[in-house]
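Visitor: Its first residue numbered 75, the sequence shown is counted upward by one per residue in the working numbering. Backbone N, C-alpha and C fix where the C-beta goes; we use that ideal spot for every residue, glycine too.
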Amino acid sequence: MTCEDSCLETDDEDCRLTTRRLVLRQARMSDAPEIATHANDLQIAQMTSRIPHPYGLDDARAFLGAARDELIVAITRRADDRFLGLCSLAASPTPGAAELGYWIGRPFWGNGYATEAAQAAIDYGFAVLELSAIEVRCRVINTGSRRVIQKCGFGYVGTGLSTSLVAGRVASETYRMDRRTWQSLKSWQTPE
Ligand SMILES: CC(C)(COP(=O)(O)OP(=O)(O)OC[C@H]1O[C@@H](n2cnc3c(N)ncnc32)[C@H](O)[C@@H]1OP(=O)(O)O)[C@@H](O)C(=O)NCCC(=O)NCCS
75 MTCEDSCLET DDEDCRLTTR RLVLRQARMS DAPEIATHAN DLQIAQMTSR
125 IPHPYGLDDA RAFLGAARDE LIVAITRRAD DRFLGLCSLA ASPTPGAAEL
175 GYWIGRPFWG NGYATEAAQA AIDYGFAVLE LSAIEVRCRV INTGSRRVIQ
225 KCGFGYVGTG LSTSLVAGRV ASETYRMDRR TWQSLKSWQT PE
């Protein structure tokens, strides 16, 4: 899954999604130091599947350099271009669907940034990539992420086991939004 030929807005050869407070653009190697700084946090690693701990610059470079069927997006703040975190849309085993992932650096938690970024990624996934569904998983103990998922409008699918590099086999909840639900959410407005 790539940004090529499917950008909502193109600028400087970057794919950019612009929201009220954020710019989401394809992650690049120059983001590695910021990624390493913020991802080297046990509270982030233990809530995600693939972040080891400790996490250093070489880990960030290897992550960015690995070829994979996934869109990795840097979440930055419009006002000052500050790097806030990462968001991803990865190929899902379900044909036509993708799996959403995200983390925000701890200094920036509690400002609604994850929700704003996730909503932009969802719009991109359905409007531009023409996905049939988007899935997202969070650990059962991840109250903050569950709240993000709820605020985006996902529906609960079920609870099962998933794997975290740091935490091992963990109980996690799966949520899903199909295309029709997204279309309905987008048209759910008060008539003028
Ligand atoms: C989960 C995470 C992405 C949230 O980022 P964020 O930018 O703070 O998220 P938002 O501000 O958009 O929304 C967080 C919501 O969770 C709520 N929340 C956070 N921690 C909570 C807690 N312990 N109990 C109850 N609610 C909590 C917030 O109040 C907010 O809801 P509200 O807007 O209704 O008040 C961030 O904490 C993070 O990166 N955590 C580690 C990695 C991770 O969990 N990634 C997701 C993997 S599924």
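Quick one: measure Cβ to Cβ for S166 and E209, integer angstroms, because I've assumed they're closer than 8 Å.
Guide: About 6 Å separates the two Cβ atoms, so the contact holds.
Visitor: Give me the Cα-Cα distance between D133 and C161, rounded to the nearest whole angstrom.
Guide: Whole-angstrom Cα-Cα distance: 17 Å.
Visitor: May I have the straight-line CA-CA distance separating I196 from P128, to the nearest angstrom?
Guide: Straight-line Cα distance between these residues: approximately 30 Å.
Visitor: Contact check, S123 vs S238 under 8 Å by CB: the rounded distance?
Guide: Sure, about 5 Å apart at Cβ, within 8 Å.
Visitor: Output the distance between the C-alpha atoms of T248 and G227, rounded to the nearest integer angstrom.
Guide: Taking the straight line joining both Cα atoms gives about 13 Å.
Visitor: Where L82 and S236 are concerned, what is the direct C-alpha to C-alpha distance, given to the nearest angstrom?
Guide: Residue placement at L82 is poorly supported in this model, since its pLDDT is 43, which falls under 50; the coordinates still yield a value, given next. Those two C-alpha atoms are separated by around 33 Å.
Visitor: Taking DSSP as the reference, what is the three-state secondary structure of R220?
Guide: Helix, per DSSP.
Visitor: Distance, Cα to Cα, S206 vs R253?
Guide: The straight-line gap from Cα to Cα measures roughly 5 Å.
Visitor: By the three-class DSSP mapping on this structure, what secondary structure does S166 have?
Guide: S166: coil per DSSP, three-state reduction.
Visitor: Could you pull the start and end residues of the beta strand (DSSP E) that I146 belongs to?
Guide: It spans 144-151 - the beta strand (DSSP E) in which I146 sits, taken as one unbroken run.
Visitor: Can M251 be considered in contact with ligand 1, in the sense that its beta carbon sits closer than 8 Å to one or more heavy atoms?
Guide: Checking the Cβ of M251 against ligand 1 gives no.
Visitor: Hey, how far is the Cα of Q257 from the Cα of V202?
Guide: Taking the straight line from one Cα to the other gives about 13 Å.
Visitor: Out of curiosity, what's the CA-to-CA distance linking V214 and R250?
Guide: Those two C-alpha atoms are separated by around 16 Å.
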